[in-house]
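Asks: Pasting a structure here, questions to come.
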Ligand code: B16
Ligand code: MG
């Protein structure tokens, strides 16, 4: 059992937590696989969530039984990213997942620090497209870490930048690998999505719609979690 003495910060994953970009990653990878003569399923795609661009490509090529040189892989990853960026060209605040912006505002109101912990090298670009920059006190993305999720480095660095203790931090993640990263970093893990795939998390929520900080805290009964919820 983790004990949170004081809720200091919330760190959010990006794709699948703040914004609905997971479907565009899937589309871009699928188009790449199809161009190489094979396909992969939605279930396989679940395994790519939270995984770096190169890590995802390695898995996909493995599924297709295709071998490529390092140089060829770099070209394929660059193609996928260009295609992905085309797909998200018109991304805007309308693509933020329901309720998440209100939840960010509520955290700020209560003086809780907000961080981003994403595997994506496009994170800053996406946050800017959504015009959410001012909500984040610290951003950690795929350009800043050596070890991807499930390694805790992304979230540890976010806590360092926010100057908060991991045990006083809640991480919101849609990927099992991200939940594992939060748990091994000693943070509280809240899964965003289905109970089935995120069962390792301390708590799973379907989304942020009608989620209030006080309710969230009440839903973490095994944690001695106290936050100032006064205005
Ligand atoms: P990029 P997250 C992850 O973002 C995605 O879940 C994963 O599908 C993607 O491959 C990875 O970012 C790298 O993204 O190609 O944009 O650098 O969920 O950790 O915010
Ligand atoms: Mg994600």
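Numbering (our numbering), first residue to last: -8 to 222.
We put the beta carbon where it would ideally sit given N, CA and C, even for glycine.
#1: Given 7 Å as the limit, tell me if residue 42 has its C-beta closer than that to any heavy atom belonging to ligand 1.
#2: In the DSSP assignment, find the alpha helix (DSSP H) that holds residue 66 and state where it starts and stops.
#3: On a Cα-Cα basis, can you pick out the residue from 145, 101, 183, 194 that is closest to residue 112?
#4: If you check the beta carbons only, do residue 88 and residue 198 fall under 8 Å apart?
#5: Please classify residue 14 as buried or exposed, where buried requires at least 16 neighbouring CB atoms within 10 angstroms.
#6: Leaving out the 5 sequence neighbours to the left and right, which residues in its chain are closer than 7 Å to residue 18 when beta-carbon positions are compared?
#7: Using 7 Å as the cut-off, classify the Cβ of residue 195 as near or not near the heavy atoms of ligand 4, replying yes or no.
#8: What residue from 54, 177, 151, 167 has the CA that sits closest to residue 158's CA?
#9: For residue 170 and residue 57, I'd like the C-alpha separation in whole angstroms.
#10: Provide the residue span of the beta strand (DSSP E) that contains residue 195, from first to last.
#11: Is the Cβ-Cβ distance between residue 202 and residue 103 less than 8 Å?
#12: Check whether the Cβ of residue 16 sits closer than 7 Å to any heavy atom of ligand 1, and report yes or no.
#13: If you compare alpha carbons, which of 119, 120, 122, 114 is closest to residue 131?
#14: What's the C-alpha gap between residue 301 and residue 135?
#15: What do you get for residue 6, buried or exposed, if any count of 16 or more other CB atoms within 10 angstroms of its CB means buried?
#16: Just checking my contact of residue 40 with residue 165 at CB under 8 Å: how many whole Å lie between their CB atoms?
#17: Tell me whether residue 49 counts as near ligand 2, meaning its Cβ is closer than 7 Å to at least one heavy atom of that ligand.
#18: Can you give the Cα-Cα distance for residue 21 and residue 44, rounded to whole angstroms?
#19: I'd like to check one pair, residue 2 with residue 162: are the Cβ atoms closer than 8 Å?
Replies: According to the structure data:
#1: Yes; taking the cut-off as 7 Å, the Cβ of residue 42 has a heavy atom of ligand 1 nearer than that.
#2: 61 to 78 is the extent of the alpha helix (DSSP H) around residue 66.
#3: Between residue 112 and the set 145, 101, 183, 194, the nearest pair of CA atoms involves 145.
#4: The Cβ atoms of residue 88 and residue 198 lie closer than 8 Å to each other.
#5: Exposed, since its Cβ has fewer than 16 Cβ neighbours within 10 Å.
#6: Contacts found: 78.
#7: Absent from the structure shown: ligand 4. Ligands present: ligand 1 and ligand 2.
#8: Comparing Cα positions, the closest option is 177.
#9: Roughly 30 Å between the two C-alpha positions.
#10: Looking at the DSSP string, the run of the beta strand (DSSP E) that includes residue 195 is 194 to 196.
#11: Cβ atoms of residue 202 and residue 103: not closer than 8 Å.
#12: Yes, the Cβ of residue 16 comes within 7 Å of a heavy atom of ligand 1.
#13: It is 114 whose Cα lies nearest to the Cα of residue 131.
#14: The chain is shown from -8 up to 222; residue 301 falls before or after that span and cannot be answered.
#15: By the neighbour-count rule (16 or more Cβ atoms within 10 Å), residue 6 is buried.
#16: Contact between residue 40 and residue 165 is confirmed by a C-beta separation of about 6 Å, below the 8 Å threshold.
#17: Judged by the Cβ position, residue 49 fails to qualify as a neighbour of ligand 2 at the 7 Å threshold, every heavy atom of the ligand being at least this far.
#18: Straight-line Cα distance between these residues: approximately 14 Å.
#19: Contact flag set, yes.
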